[in-house]
Amino acid sequence: EIVLTQSPTTTAASPGEKVTITCLASSSVSNMYWYQQKSGASPKLLIYSTSSLASGVPDRFSGSGSGTSYSLTINTMEAEDAATYYCQQWSSNPPTFGAGTKLELK
Amino acid sequence: QVNLQESGPGLVKPSQPLSVTCSVTGYSITTSYYYWNWIRKFPGNKLEWMGYISYDGSIYYNPSLKSRISITRDTSKNQFFLQLNTVTTEDTAVYYCARYTYYFDYWGQGVMVTVSS
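Protein sequence lines, in the order shown, are assigned to chains V and L. The letter at position 90 of the first sequence is residue 90 when you use this note's numbering, and the numbering goes up by one with no holes. The letter at position 47 of the second sequence is residue 1047 when you use this note's numbering, and the numbering goes up by one with no holes.
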């Protein structure tokens, strides 16, 4: 199975700060997906097909990458963005998730 | 509006089977080309995809669980089910059901299942 390695594991950002989360795949994948999970809630789709914004997601979020290296960027951190973020692939069976990046508000 | 709702026991004894139900409203589980999944989140935040049952009833399981897992459905009730056999404390997790087409777009709120004697 494809292992997805996220970094950092934990990070903190001040309001207005730029945040980048990286996801490295153990083998090449065609697309990456990103989910946001807040405490007590279920995961919510943020980015699909590497760089497309899901419905209702603010445009301060963006995704990029190819092959084995992908990233999620929050252009200007807001308090409501404090959450855990997961990357996910289904280019190869079984689908797998990264271990998550916890983003805290500084 | 699509809604998924898990239900199940909060506590299961080791070696017993774990059973969770996902009730879907607002969308038929037989609609092409959607896949109905079970995903769990362990303490410590790791997410593991467990398996799916598709719109046409085909099934695919995570090979790591293949010998213990069963996913079935009742189309008349628009529900699908997870059974995980011979559980251990390592199966303690929040169990989610989720719809998939090109991504996991709708999730249930999750049900916490603790395996303990």
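Don't be surprised by glycine CBs; every beta carbon is placed ideally from N, CA and C. Since this is a predicted model, take the numbers as computed values, not measurements.
Cα-Cα separation, residue i to residue j
i, j, result
"Ser92 of chain V", "Ala25 of chain V", "11 angstroms"
"Met77 of chain V", "Ser1076 of chain L", "46 angstroms"
"Cys1022 of chain L", "Phe1081 of chain L", "6 angstroms"
"Ser69 of chain V", "Gln1109 of chain L", "31 angstroms"
"Val1020 of chain L", "Ile1059 of chain L", "17 angstroms"
"Gly1026 of chain L", "Cys1097 of chain L", "15 angstroms"
"Ser51 of chain V", "Gly1010 of chain L", "38 angstroms"
"Ile1039 of chain L", "Tyr33 of chain V", "15 angstroms"
"Arg1099 of chain L", "Glu1048 of chain L", "15 angstroms"
"Cys23 of chain V", "Gly56 of chain V", "23 angstroms"
"Val118 of chain V", "Lys102 of chain V", "Any property of residue 118 of chain V remains undetermined from this structure, which presents chain V solely from 1 to 106."
Cut-off 7 angstroms between Cβ atoms - residues of its own chain near residue i, not counting five sequence neighbours on either side
i, result
"Val1115 of chain L", "Val1012, Pro1014, Val1087, Thr1088, Thr1089, Asp1091, Thr1092"
Chain L contact residues for residue i, given Cβ-Cβ distances below 8 angstroms
i, result
"Ser64 of chain V", "Within chain L, no residue comes near Ser64 of chain V; the closest Cβ sits about 17 angstroms away, beyond 8 angstroms."
"Leu45 of chain V", "Tyr1103, Phe1104, Asp1105"
Extent of the continuous beta strand (DSSP E) to which residue i belongs
i, result
"Gly164 of chain V", "With chain V covering only 1 through 106, there is no way to say anything about residue 164 of chain V."
"Glu1006 of chain L", "1003 to 1007"
"Phe1042 of chain L", "Segment: none, Phe1042 of chain L is in no beta strand (DSSP E) and carries neither H nor E."
"Arg1073 of chain L", "1069 to 1074"
"Glu17 of chain V", "First-last for Glu17 of chain V: undefined, no H or E at that position."
"Ala1093 of chain L", "1093 to 1100"
Neighbourhood of residue i by C-beta distance below 6 angstroms, restricted to the same chain and skipping five residues each side
i, result
"Ser30 of chain V", "Ser91"
"Asn945 of chain L", "Given that chain L is displayed from residue 1001 to residue 1117, the structure contains no residue 945 of chain L and the question cannot be resolved."
"Gln1005 of chain L", "Ser1023, Gly1108"
Chain-ordered neighbours of residue i on chain L, where CB pairs are closer than 7 angstroms
i, result
"Gly56 of chain V", "Ordered by position in chain L, no residue passes the 7 angstroms Cβ test against Gly56 of chain V, which lies about 12 angstroms from the chain."
Beta-carbon neighbours of residue i, restricted to chain V and to distances below 9 angstroms
i, result
"Pro1063 of chain L", "Glu1, Asn93, Pro94"
"Asn1045 of chain L", "Gln37, Thr84, Tyr86, Ala99, Gly100, Lys102"
Beta-carbon neighbours of residue i, restricted to chain V and to distances below 8 angstroms
i, result
"Trp1049 of chain L", "Pro94, Pro95, Thr96, Phe97"
> For the stretch 1092 to 1116 of chain L, which residues have a CB atom closer than 7 angstroms to at least one CB atom of chain V, in sequence order?
Replying inline: Residues are counted here when their Cβ sits less than 7 angstroms from a Cβ of chain V; for the stretch 1092 to 1116 of chain L these are Tyr1096, Tyr1102, Tyr1103, Phe1104, Asp1105, Trp1107, Gly1108, Gln1109, Gly1110, given in chain order.
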